[in-house]
Each structure stands twice: as structure tokens, then as C-alpha cells.
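Working notes for the structure below.
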Amino acid sequence: MRRTQIQTTLNGEEIDFLCEPRQSLLEVLREDLGLTGTKEGCNNGNCGACSVLMDGRVVNSCCVLGVEAEGAQITSIEGVAQGEHLHPLQQAFLEEAALQCGVCTPGFIVAAKALLDSEPHPDEGRVRHWLAGNLCRCTGYDKIVRAVLKASEMGEVSA
Amino acid sequence: MKEIDYLAPTSLGEAYGALQNGKTSAFLAGGTDIIVQLREGRKQVDQLIDVKHIPELTSYGWTADGGLEIGASVPFAELYEDAEIVQRLPAVIDCATLIGGIQIQSRACFGGNIGNSGPAADTVPALIALGATLTLGSQGGTRALPLEDFFTGPGQNVLAPGELIVKVNIPAQPANSGSFFHRFIPRNEMDIAVVNVGVRLDLSAAGDRIEAARISIGAVAPVPLFVPAAGEALVGQAPTAEAFAAAADAAAAAATPITDMRGSIAQRVHLTRVLTNRALDKALERAREA
Numbered sequence: 010m011r012r013t014q015i016q017t018t019l020n021g022e023e024i025d026f027l028c029e030p031r032q033s034l035l036e037v038l039r040e041d042l043g044l045t046g047t048k049e050g051c052n053n054g055n056c057g058a059c060s061v062l063m064d065g066r067v068v069n070s071c072c073v074l075g076v077e078a079e080g081a082q083i084t085s086i087e088g089v090a091q092g093e094h095l096h097p098l099q100q101a102f103l104e105e106a107a108l109q110c111g112v113c114t115p116g117f118i119v120a121a122k123a124l125l126d127s128e129p130h131p132d133e134g135r136v137r138h139w140l141a142g143n144l145c146r147c148t149g150y151d152k153i154v155r156a157v158l159k160a161s162e163m164g165e166v167s168a
Numbered sequence: 014m015k016e017i018d019y020l021a022p023t024s025l026g027e028a029y030g031a032l033q034n035g036k037t038s039a040f041l042a043g044g045t046d047i048i049v050q051l052r053e054g055r056k057q058v059d060q061l062i063d064v065k066h067i068p069e070l071t072s073y074g075w076t077a078d079g080g081l082e083i084g085a086s087v088p089f090a091e092l093y094e095d096a097e098i099v100q101r102l103p104a105v106i107d108c109a110t111l112i113g114g115i116q117i118q119s120r121a122c123f124g125g126n127i128g129n130s131g132p133a134a135d136t137v138p139a140l141i142a143l144g145a146t147l148t149l150g151s152q153g154g155t156r157a158l159p160l161e162d163f164f165t166g167p168g169q170n171v172l173a174p175g176e177l178i179v180k181v182n183i184p185a186q187p188a189n190s191g192s193f194f195h196r197f198i199p200r201n202e203m204d205i206a207v208v209n210v211g212v213r214l215d216l217s218a219a220g221d222r223i224e225a226a227r228i229s230i231g232a233v234a235p236v237p238l239f240v241p242a243a244g245e246a247l248v249g250q251a252p253t254a255e256a257f258a259a260a261a262d263a264a265a266a267a268a269t270p271i272t273d274m275r276g277s278i279a280q281r282v283h284l285t286r287v288l289t290n291r292a293l294d295k296a297l298e299r300a301r302e303a
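Read top to bottom, the protein sequences are chains U and P. Position one of the first sequence corresponds to residue 10 (the working numbering), numbered consecutively onward. Position one of the second sequence corresponds to residue 14 (the working numbering), numbered consecutively onward.
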């Protein structure tokens, strides 16, 4: 098993890790780095449960190789809260009860963060369109959309 | 995924060299198709060549005569965030904004969608309508190829061993022309086209006559189709509903779809006619705004 050393910035911290070229970034995060907040849903790019930010853009970490993280800035769900302070999106998801089983939730929050970072006040249509790549089988989406709109009204949302 | 080598060449020469090392290769750009195909065993290669560190593939720009050259691995999101492309080549934006969700658009690219060579590839009818050519590169040099001549079957194309897609070249569009791309899917987002259509309409200076038209249809044959007969049916005509209906009939006549889980033969032929008609209406609006 040949492993490559990768240097990356993960949730603001410069780290290095060893991985095999065949490993997805999702697998590296969960299995090797112990960051299990990022979820595996479909593992083929359809569901968005594994969403992370890579150089400011939201990507499916199942469709990124760990070796591609070399030199990149990665933010996973573990990097969204600031210390003990929940991100406004996390707070709004709780207040709006925008989750049931919770498997899709980290992906929704990371994807929504990418939206609010670039567009602080999107309308409902924009939120729904932006989150089309995130699937939820519990909520019916309305509560999630309400939570994102609420977070957008909670003031400063960027990290 | 089985064990695999990963190479990240930083120049075209280095990439061509990697293609000559005796191993079977696939290219990695956005990874949204190839990583899934390798993981699911639908494709097997010895090495992945990451092309996202080669400047020719990661950049795009306008040519002196008003064309747009797009590096094969430039992600869709980078293109549709560019206000000048939005304004000058809206048909590029039509396709770039409807492939997958935002997560896919952050990484997926023209080179990948074309190289994957799916019959329903959503970038292709738009690019064929715009008259795009590909720059294919290999150790022996580069060659240019009209996009419509690239595909040979589902997942198959003319790319020779040792060759890669370097750029997509969209020529300067004629004055008074308008282009449009759309598709039919049963959902709002995140699906594979049942049928997709790209058109370009070139009007006379007065706007009352069609000088030329290019019509391309997808998901209705083993490869995306360029349908010259549909465009030729419009030449010299006034841009009327009757003329558009005749062109739509010609497009539908060229469709040779199959029945599968996404749609039947009859539905796809019907959709080809309807989508071509509507795309011509939209292209006409854009030509008049231009």
C-alpha cells in the first residue's frame, strides 16, 4: 500500500496526513482523521451529505480524492462553529427544527454556508436552487429552507 | 476503488510523457464522473492523471477576434460567475448552470463532460450550436476538431491513445445572432436529460430574415447529434412560427432514440420537436436583444 503525504489546511489548521491515491477526501476525513461529522450518503455525487468547502467552493467530498487536497483550504462541518458559538445556520436549524434523522444536516449546513458567504441575503428561490444538490428524506425541505432564510437575517454569518 | 497511481503533471509535456509510460490512464479534472466510475468498477485504469495543474487547461480567455477559449478543466462555476460570459455567450451559461447541483458545478468542466461522451451530455448541444471546436493535444502536436465530429458512440470518442482535450474554442458569434440551450427532465434539478437541444439563430441586419442556423440535439441517438438539415430549413426564411415548426420537424426526423427508464421513443421524438421549437423562440428573443 503506497501512501502519499498531503499538506492541507483543514478547518483553519495546517495539517499533513498520509493517504492512498484511491481514497476519497470523504474517506480520509472520516476514517483517517476521525472527523465523522461529514456523512457518507450515496457515495456517488448525488446526495450532498458529504459536502465540504474546498477553496471556498462547496464540493462533494466523495467525488474528490484525498490527494487533491494538497495545498487546499478545506472546511468540514467541524469547522463551521466558532469555538463554543454555533454558527447562525446551526442555531437556525435548531430553532426551526430543520432536521430529523440528521444524516443530511452537516451537508446542508456546509452548502448553505457557502451560499451565505457569497450571497448574505438570498431569496427563497435562490436557497432552494442552491440546495438542489442536497437530499433530505425526512423534512420535506421547507424547514431547512426556512432555517437558511432565518440565518440570513441573523446578521454576520461568515466565519 | 482499486489501488491506483495518481499523477499531477504541471505542463502539457509532462502530461503527454505520463501517457507514454505504458500504463492505462484516465484523466481527472472535476472527478464527478471518473471517480464514481472507478469506485463502482465501471472503469479500470492503472493511473489517474490530474490535469488541474496544467495552465492551458485551467485558464480561459477571449481571443482577439471575439472568440472564447476555455481550458478543458475550468469548472462551470468559474465560467458562470464571469459577467462577460453571461452577457456575451448566454448559451454557455444555460448548460453550465443546470448540470448537477452547486457541488458538481464547483468541479465539473467542459473537458470532462465532453470526454465522458455520454449521449445526453448537457454541454454538447449548446457548444455544437455555438460552432465550438476542440483542441486535442498529444506529444505529436495539436489538432482542431469540430465538436460534432468527436463522438463515436456512448462513452466513446475519437481521442487517440496519448491524446487529451486541451481546450474548447467557441468562435466569435455573428452579429444579430442568438443562442439557447435547454433540456427536459421530470424534476426541477439534478437529473439526466430525457432530451436536450441547443440552437443558434443568425438574423439579417434588419432582423427579418434568417441567414443561418445551427441545431443540435442530445439523448436521442448513440451520440449527440448536429442536425444541419434542421438549420438549413430556416435559411432565407422569416423567423416565423411556421419556419420554426418546419425546423423542429426536421430535428425530430433526425432523432433515433431508444426507450429506456427516462423516456420512450415516442416521447423523445415529441420532445425533440417541442424543445427545438421553444429553443428557437428563445434564441430569436436573444438575437433581437443583441
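Glycine included, C-beta positions come from ideal geometry on N, C-alpha and C.
#1: With a threshold of 8 Å between beta-carbons, can P:Lys15 be considered close to chain U, or not?
#2: Just to confirm the assignment: which complete beta strand (DSSP E) runs, minimum length 3, are found wholly within the region 152 to 211 of chain P?
#3: Specify the secondary structure class of P:Arg291 as computed by DSSP and reduced to three states.
#4: List, in order along the chain, the chain P residues whose C-beta lies closer than 8 Å to that of U:Glu29?
#5: Taking the alpha carbon of P:Val233 as the reference point, which residue from P:Arg200, P:Thr272 and P:Val212 has its own alpha carbon closest?
#6: Beta carbon of P:Ala258, beta carbon of P:Thr285: below 8 Å?
#7: Please identify, using Cβ separations under 8 Å, the residues of the region 64 to 75 of chain U that lie next to chain P, in order along the chain.
#8: Got a sec? Which residues, its chain only, sit under 8 Å from P:His66 by beta carbon, not counting five neighbours each side?
#9: For my contact list, P:Val208 and P:Arg196 are in at a C-beta cut-off of 8 Å; report their separation, rounded to the angstrom.
#10: Among the residues of its own chain, which have a CB less than 7 Å from the CB of U:Asn52, if the five just before and after it don't count?
#11: Please identify the residue among P:Thr71, P:Pro132 and P:Leu149 whose C-alpha is closest to the C-alpha of P:Leu238.
#12: Tell me which same chain residues have a C-beta within less than 8 Å of the C-beta of U:Thr13, skipping the five on either side of it?
#13: So what does DSSP say about P:Arg301, is it helix, strand or coil?
#14: Less than 7 Å between C-beta atoms, sequence neighbours within five positions excluded: which residues of the same chain meet that for P:Ala300?
#15: What are the boundary residues of the alpha helix (DSSP H) that includes P:Tyr93?
#16: Would you say U:Ser33 faces chain P, with C-beta separation under 8 Å as the test?
#17: Just to confirm, are U:Gly116 and U:Lys48 a CB contact at a threshold of 8 Å?
#18: Note down, in chain order, all residues in the region 128 to 144 of chain U with a beta-carbon under 9 Å from any beta-carbon belonging to chain P.
#19: By the criterion of Cβ-Cβ separation under 7 Å, what are the contact partners of U:Ser60 in chain P?
#20: Across which residues does DSSP place P:Gly276 in a beta bridge pair?
#21: What are the residues that DSSP puts in a beta bridge with U:Val68?
#22: Applying the 10 Å Cβ sphere with the 16-neighbour rule, what's the burial state of U:His130?
#23: For U:Gly54, decide whether its Cβ has a neighbour in chain P, counting only Cβ atoms nearer than 8 Å.
#24: Using a 10 Å radius around the Cβ and a threshold of 16 neighbouring Cβ atoms, would you call U:Glu105 buried or exposed?
#25: How is P:Glu97 classed by DSSP in three states: helix, strand or coil?
#26: Within 8 Å (strictly less), CB to CB, does U:Ala156 reach chain A?
#27: Can you check whether the C-beta of U:Glu77 is within less than 8 Å of a C-beta belonging to chain P?
#28: May I ask you to report which of helix, strand or coil DSSP gives U:Arg39?
#29: Measure from the C-beta of U:Ala81 to each C-beta in chain P and report whether the shortest distance is under 8 Å.
#30: Can you pull out the residues from the region 90 to 104 of chain P whose beta carbon lies closer than 8 Å to at least one beta carbon of chain U?
#31: Between which two residues does the alpha helix (DSSP H) harbouring P:Asp107 extend?
#32: Is it the case that the Cβ atoms of U:Ile86 and U:Gly46 are separated by a distance below 8 Å?
#33: Report the residue ranges of all beta strand (DSSP E) runs contained in full by the region 36 to 90 of chain P; include only those spanning at least 3 residues, in chain order.
#34: For the region 173 to 182 of chain P against the region 27 to 36 of chain P, are there 3 or more C-beta pairs whose distance is under 8 Å?
#35: Short of 8 Å in beta carbon distance, which residues of its chain neighbour U:Leu98, apart from the five on each side in sequence? Order them along the chain.
#36: Using a threshold of 8 Å, state whether the C-beta atoms of U:Ser33 and P:Ile48 are closer than that.
Looking at the atomic coordinates:
#1: Reading the second sequence from its first residue, position 2 is the one you call residue 15 of chain P. Interface residue, yes.
#2: Entirely contained in the region 152 to 211 of chain P, the beta strand (DSSP E) runs reaching 3 residues are, in chain order, 154 to 159, 164 to 166, 177 to 183 and 190 to 197.
#3: Residue numbering aside, residue 291 of chain P sits at position 278 when the second sequence is read from its first letter. Of the three classes helix, strand and coil, the one that applies to P:Arg291 here is helix, per DSSP.
#4: Within the first sequence, residue 29 of chain U is the residue found at index 20, counting from 1. Residues of chain P passing the Cβ test: Glu16.
#5: Here residue 233 of chain P is taken as the residue at index 220 of the second sequence, counted from 1. Here the closest residue by C-alpha is P:Thr272.
#6: Residue numbering aside, residue 258 of chain P sits at position 245 when the second sequence is read from its first letter. Residue numbering aside, residue 285 of chain P sits at position 272 when the second sequence is read from its first letter. No, they are not a contact pair.
#7: Hits within the stretch, in order: Arg66, Val67, Val68, Asn69, Cys71, Cys72, Val73 and Leu74.
#8: Here the question's residue 66 of chain P lines up with position 53 in the second sequence. Same-chain partners within the cutoff: Ala21, Pro22 and Thr23.
#9: Along the second sequence, read from residue 1 onward, the residue named residue 208 of chain P stands at position 195. Along the second sequence, read from residue 1 onward, the residue named residue 196 of chain P stands at position 183. Beta-carbon to beta-carbon, P:Val208 and P:Arg196 are separated by about 7 Å, close enough to satisfy the 8 Å threshold.
#10: Taking the first residue of the first sequence as position 1, residue 52 of chain U is located at position 43. Once the five neighbours on either side are set aside, the close Cβ partners of U:Asn52 are Cys71.
#11: In the second sequence, the residue the question calls residue 238 of chain P occupies position 225. Selected option, being the one with the closest Cα: P:Pro132.
#12: Here residue 13 of chain U refers to the residue found at position 4 of the first sequence. Listed in chain order, the non-local C-beta contacts of U:Thr13 below 8 Å within the same chain comprise Leu27, Cys28, Glu29, Pro30 and Val76, local neighbours out to five positions each way being set aside.
#13: Within the second sequence, the letter at position 288 stands for residue 301 of chain P. Assigned with DSSP and collapsed to three states, P:Arg301 falls in helix.
#14: As a first step, residue 300 of chain P is located in the second sequence; it is residue number 287 there, counting from the start. Excluding positions up to five away in sequence, the list reads Asn189, Ser190, Gly191, Leu214 and Leu216.
#15: Reading the second sequence from its first residue, position 80 is the one you call residue 93 of chain P. Per DSSP, P:Tyr93 belongs to the alpha helix (DSSP H) from Phe89 to Tyr93.
#16: For the purposes of this step, residue 33 of chain U is taken as the residue at position 24 of the first sequence. Closer than 8 Å: yes.
#17: Sequence index remark: in the first sequence, residue 116 of chain U carries index 107 (1-based). Sequence index remark: in the first sequence, residue 48 of chain U carries index 39 (1-based). Going by C-beta atoms, U:Gly116 is nearer than 8 Å to U:Lys48.
#18: Going along the region 128 to 144 of chain U in chain order, one finds Arg137, His138, Trp139, Leu140, Ala141, Gly142, Asn143 and Leu144 with a Cβ nearer than 9 Å to chain P.
#19: Here residue 60 of chain U refers to the residue found at position 51 of the first sequence. Against chain P, a Cβ distance below 7 Å from U:Ser60 picks out Gln116.
#20: As a first step, residue 276 of chain P must be located in the second sequence, where it is residue number 263. Answer is P:Asp273.
#21: Within the first sequence, residue 68 of chain U is the residue found at index 59, counting from 1. The partner list for U:Val68 (beta bridge, DSSP) reads U:Val61.
#22: The residue labelled residue 130 of chain U in the question sits at position 121 within the first sequence. U:His130 should be labelled exposed.
#23: Position 45 of the first sequence, counted from the first residue, corresponds to residue 54 of chain U. It does; some Cβ of chain P falls within 8 Å.
#24: Taking the first sequence and counting its residues from 1, the one referred to as residue 105 of chain U is at position 96. By the Cβ-count criterion, U:Glu105 is buried, with 16 or more other Cβ atoms from all chains shown falling within 10 Å of its own Cβ.
#25: The residue given as residue 97 of chain P occupies position 84 in the second sequence. In the three-state reduction of the DSSP assignment, P:Glu97 falls in the helix class.
#26: In the displayed structure, chain A is absent; the protein chains listed are U and P.
#27: If you number the first sequence from 1, residue 77 of chain U lands on position 68. For U:Glu77, the answer is yes, since a Cβ of chain P falls inside 8 Å of its Cβ.
#28: Residue 39 of chain U sits at position 30 when you count from the first residue of the first sequence. It is helical.
#29: As a first step, residue 81 of chain U is located in the first sequence; it is residue number 72 there, counting from the start. Chain P, which has no Cβ nearer than 8 Å to the Cβ of U:Ala81, makes this no.
#30: Residues Ala90.
#31: Locating residue 107 of chain P in the second sequence gives position 94, counting from the first residue. Residue range Pro103 to Ala109 is occupied by the alpha helix (DSSP H) that includes P:Asp107.
#32: The count along the first sequence starts at 1 and reaches residue 86 of chain U at position 77. The count along the first sequence starts at 1 and reaches residue 46 of chain U at position 37. At a Cβ-Cβ threshold of 8 Å, U:Ile86 and U:Gly46 count as neighbours.
#33: Fully enclosed beta strand (DSSP E) runs of 3 or longer: 38 to 41, 60 to 63, 73 to 75 and 81 to 84.
#34: In short, these stretches touch, since the Cβ pair count reaches three.
#35: Residue numbering aside, residue 98 of chain U sits at position 89 when the first sequence is read from its first letter. Take U:Leu98, set aside five residues on each side of it, and the residues of its chain with a beta-carbon closer than 8 Å to its own are Val89, Ile118, Ala121, Lys122, Leu125, Ala156, Val157, Ala160 and Val166, in chain order.
#36: Counting from 1 along the first sequence, the entry for residue 33 of chain U is found at position 24. Counting from 1 along the second sequence, the entry for residue 48 of chain P is found at position 35. It is a contact, given that the beta carbons lie within the stated cut-off.
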